[in-house]
Each structure stands twice: as C-alpha cells, then as structure tokens.
Amino acid sequence: MKTNTLLQYPLLILLITSTTFISCSEEEDGGPLNNSDVSAQVEEYPRNGDFLATATSSLSGDLTFGLTAVSVGDAFLLDDTTGELTVANPFAFDYETNTEITGEITVTNGTETEVLSVFVEVIDIDDIAYILTDSKADYEAANAGDWVPITSNEYLSLFVQISETSKSGTTDELFEAGVVVDVYNTYFDYTVANDAAPIPEDSYVFAFKYWSDASDASGNKVKVSSTSLTDGYSDLGGTLPTVEEGEHHFVLKGGDSPTTGSGYLGMYSQAGLAYDVRGNAPGNHYFVEGDQATIGANFNVVQTICLYQGLSTPIKQWD
Numbered sequence: 000m001k002t003n004t005l006l007q008y009p010l011l012i013l014l015i016t017s018t019t020f021i022s023c024s025e026e027e028d029g030g031p032l033n034n035s036d037v038s039a040q041v042e043e044y045p046r047n048g049d050f051l052a053t054a055t056s057s058l059s060g061d062l063t064f065g066l067t068a069v070s071v072g073d074a075f076l077l078d079d080t081t082g083e084l085t086v087a088n089p090f091a092f093d094y095e096t097n098t099e100i101t102g103e104i105t106v107t108n109g110t111e112t113e114v115l116s117v118f119v120e121v122i123d124i125d126d127i128a129y130i131l132t133d134s135k136a137d138y139e140a141a142n143a144g145d146w147v148p149i150t151s152n153e154y155l156s157l158f159v160q161i162s163e164t165s166k167s168g169t170t171d172e173l174f175e176a177g178v179v180v181d182v183y184n185t186y187f188d189y190t191v192a193n194d195a196a197p198i199p200e201d202s203y204v205f206a207f208k209y210w211s212d213a214s215d216a217s218g219n220k221v222k223v224s225s226t227s228l229t230d231g232y233s234d235l236g237g238t239l240p241t242v243e244e245g246e247h248h249f250v251l252k253g254g255d256s257p258t259t260g261s262g263y264l265g266m267y268s269q270a271g272l273a274y275d276v277r278g279n280a281p282g283n284h285y286f287v288e289g290d291q292a293t294i295g296a297n298f299n300v301v302q303t304i305c306l307y308q309g310l311s312t313p314i315k316q317w318d
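Under numbering that gives the first Met the number 0, read the sequence shown as residues 0 to 318, first letter to last.
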C-alpha cells in the first residue's frame, strides 16, 4: 500500500512479546539462548503510537535506552528512560514492502553498555477491506468472484493506497470528458474493448467503474484478455450488479487471476454502457454483438471510447 495517505483505522496488534536473556551460556532444549532480543508481531498499518514491546536489560542502575539501528528508518519510537518501543510511522508496517523490521537498541548505565536486537514481524492483511469504509461490510460478506458496489471516494482511495496501481480501459480525462459534455450513446448486447490504456504486465484487475446510460442495467460483465486486443476475452469475476443511470464503481472480492504479460480490459454490455461519440480518443475501439471471447478486427471504430475503467496492480494485496 502506498504511504502518502492520511487517516487510517486501528487494527489489532496480534502478539506483543519482550524477552531478555541474561547470559549466552544458558541453554534451553540443548541450544544457546539469543542474547537480549526484543520481539513483536503486528498487523499491517497499526496506529501511530501503538505499543510494540518494552526493552529490558541485564544492566543495573539508571538506564538510558537508544535506538541505534533500524532497517526502516522511521518505523519505531523508543522511550529513552522506559525502553518502551512504539509505532512511529504506521505505513512503514506495509507487508508488501516490509515483511519484517529489525533494529538494535543500545542500553547504558553510564559505565556499561548492552546491545539488544529488535525483530518485529509484520502480519499481512486484506488491504482492500482495510481501505474500504462505507462498503466494507458488504465486501467482507461477499463471496470470491463477486463485484461489490463501492463509492467513488472508495474507488479513489483504492487507487491511491493499493501499491503500484494503474488505470486501464479509459483514462480519467477521456472518461470525464464524455460524461461532462453528455455526448454519448449506449451499447446493448455488445462486447467492447480498446487499447487506449492497456493493463500492465502480469497484473490483477481488482476494481472497475463505468457509466450507464440506462436504468435497471443488468447482466454486464468485466472482460480481460492476455492474448490480444481482439481475441482471448474471458469473464473476470461474476456479473456486475444491476445499476441505474449514472457512474458506478465496484471492487472484486478475492481476485486471483492476473494477466499473463500485458492485457486488455473489455466489457460485455447487456445494457447501458455509454460511449463518447465525438471521436476524439486515441487508439482503437473494437466491438462485436453478443457476449463474445473474440471481437475480431472488422469492427473497429477509431478514436471512439467507451466510458469504463479498471484498476490493476501486479501485487496481490487481498485475501
């Protein structure tokens, strides 16, 4: 998940442990103990200030604790008098970037020094469930392969916060241009695709939006091809939920089918998919009647664009 977004929600810290071993000569189960380790286990994206562990030392007297090494520079905050280790930057605890964070704590009583090793394991979570707000309960209750309706703000949050996200199908500029000036027509019972914004190599399409110019539009499907612009399309997930006229957003539950190489995003419109008829879009737009895997090269409308878009990433960040 990207680290440039504010305002997240508390997550459960699964396990907090702090262990100190006074002597390397002590043995358990026939092997030497680790010397003065501080360890913890925490889910991704804890809150700023969440407790991780307390460092303890074999030294006596008034102790001063210092964080002298850390693998992710701004991950921890250490209280120099109590040895309490807390979260400094929640976004450092991103499983897709750091599955573990290590460091060293130096303890001194003024005359003696002890070095403690730090190990914090980051536990993977479903990033989509974490990001969603209004639609979170519906997403968690959905089955794998379901397209779950979400809000436009949630769609934007997914784009911003899911790591390495790209937009495919229609660019934002073309989508908004078609909607704002109200110059579109509608596809009924057609499979469509375009090459204005292909899907990046080996990526998962996990969210989708489109503009419907029909009421009670049902039976629509998201299509993906890893073969070519005009062939090899298969359904991604189940049928899209029934919608009314307007812009609609969805997230896919449990998507586990990445493209093989670069891909193309298409859509089967049983009813309602709008397209901009002005002919000012780059690339090629293909269409064929019916719910088809092959569109064919004979049905090409140059510079026309359908008003749909998908979000994709090469990193699977959900259950």
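Using N, Cα and C, we set each Cβ at its ideal position, and we do this for glycine too.
Is lysine 135 helix, strand or coil by DSSP? Residue state, collapsed to three classes: helix.
Beta-carbon proximity list for alanine 280, same chain, < 7 angstroms, skipping 5 on both sides: So the list reads Leu173, Ala195, Gln302, Thr303, Ile304, once near-sequence residues are dropped.
In angstroms with no decimal places, state the Cα-to-Cα distance between tryptophan 317 and glutamate 288. Straight-line Cα distance between these residues: approximately 35 angstroms.
Is it right to say asparagine 219 is buried, meaning 16 or more other beta carbons lie within 10 angstroms of its own, or is it exposed? For asparagine 219, the number of other beta carbons within 10 angstroms of its own is at least 16, and it is reported as buried.
Short of 6 angstroms in beta carbon distance, which residues of its chain neighbour threonine 259, apart from the five on each side in sequence? Order them along the chain. So the qualifying residues of the chain are Ser225.
Residue(s) in a DSSP beta bridge with proline 148: Looking at the DSSP assignment, proline 148 forms a beta bridge with Phe249.
Those runs of the beta strand (DSSP E) which lie wholly inside the segment 63-127 and span at least 3 residues: You should have 63-69, 75-77, 83-86, 99-107, 112-122.
Would you call asparagine 47 buried or exposed, if buried means 16 or more other Cβ atoms sit within 10 Å of its Cβ? Exposed is the call here.
I need the straight-line Cα distance from valine 342 to leucine 66, nearest angstrom please. A query on residue 342 cannot be resolved here, the shown segment of the chain reaching from 0 to 318 and no further.
Reducing DSSP to helix, strand and coil, say where isoleucine 294 ends up. It is coil, neither helix nor strand.
Quick test of the definition: if touching needs 3 or more C-beta pairs under 8 angstroms, does the segment 194-208 touch the segment 259-275? Yes: the two stretches touch, three or more of their Cβ pairs being nearer than 8 angstroms.
Whole-angstrom C-beta distance between glycine 254 and phenylalanine 205, which should lie under 8 angstroms: Confirmed, Cβ separation roughly 5 angstroms.
Same chain only: Cβ atoms within 6 angstroms of aspartate 230, ignoring 5 sequence neighbours per side: Within the same chain, Cβ atoms closer than 6 angstroms to the Cβ of aspartate 230 are found at Thr293, the five residues on either side in sequence being excluded.
Hey, out of Asp36, Glu95, Ser202, whose CA is closest to valine 121's CA? Put simply, of Asp36, Glu95, Ser202 the residue whose alpha carbon is nearest the alpha carbon of valine 121 is Glu95.
Rounded C-alpha distance that separates alanine 143 from leucine 228: Our two residues, alanine 143 and leucine 228, have alpha carbons roughly 27 angstroms apart in a direct line.
Contact check, serine 162 vs isoleucine 149 under 8 angstroms by CB: the rounded distance? Serine 162 to isoleucine 149, Cβ: 19 angstroms. No contact.
Range covered by the beta strand (DSSP E) that runs through asparagine 193: Where asparagine 193 is concerned, the enclosing beta strand (DSSP E) stretches over 189-193.
Using a Cβ distance threshold of 8 angstroms, determine whether the segment 81-92 contacts the segment 51-64, with at least three qualifying pairs required. The answer is yes - the segment 51-64 touches the segment 81-92, with three or more Cβ pairs under 8 angstroms.
Identity of the residues DSSP links to tyrosine 154 by a beta bridge: Paired residue(s): none; tyrosine 154 is not in a bridge.
In whole angstroms, give me the CA-to-CA distance for threonine 164 and aspartate 36. Their Cα atoms are separated by approximately 37 angstroms.
When the Cα atoms are used, what is the spatial distance from serine 167 to tyrosine 189? Note on geometry: alpha-carbon atoms of serine 167 and tyrosine 189 lie some 19 angstroms from one another.
Report the partner residues of leucine 264 according to the DSSP bridge assignment. Val223.
Applying the criterion that 16 or more other CB atoms from any shown protein chain within 10 Å of the CB defines a buried residue, is aspartate 61 buried or exposed? Under this definition aspartate 61 is an exposed residue.
Which listed residue (Thr110, Asn283, Ser256, Ala136) has its alpha carbon closest to that of tyrosine 203: For tyrosine 203, the nearest C-alpha among the options comes from Ser256.
Taking only the alpha-carbon atoms, compute the straight-line gap between threonine 110 and aspartate 78 and give it to the nearest angstrom. If you draw a straight line from the Cα of threonine 110 to the Cα of aspartate 78, it is about 20 angstroms long.
Determine the extent of the beta strand (DSSP E) in which asparagine 299 is found, giving its start and end residues. Membership of asparagine 299 in the beta strand (DSSP E) is indicated by the continuous run 299-301.
In angstroms with no decimal places, state the Cα-to-Cα distance between alanine 136 and proline 240. Each residue's CA atom was taken as its position, placing alanine 136 and proline 240 some 16 angstroms apart.
Rounding to the nearest angstrom, what Cα-Cα distance links isoleucine 314 and glutamine 40 in this structure? It is roughly 23 angstroms from the alpha-carbon of isoleucine 314 to the alpha-carbon of glutamine 40.
Measure the alpha-carbon distance for glutamine 291 versus glycine 309 and round it to whole angstroms. Straight-line Cα distance between these residues: approximately 19 angstroms.
Cβ neighbour criterion (16 or more within 10 Å) applied to alanine 68: Exposed.
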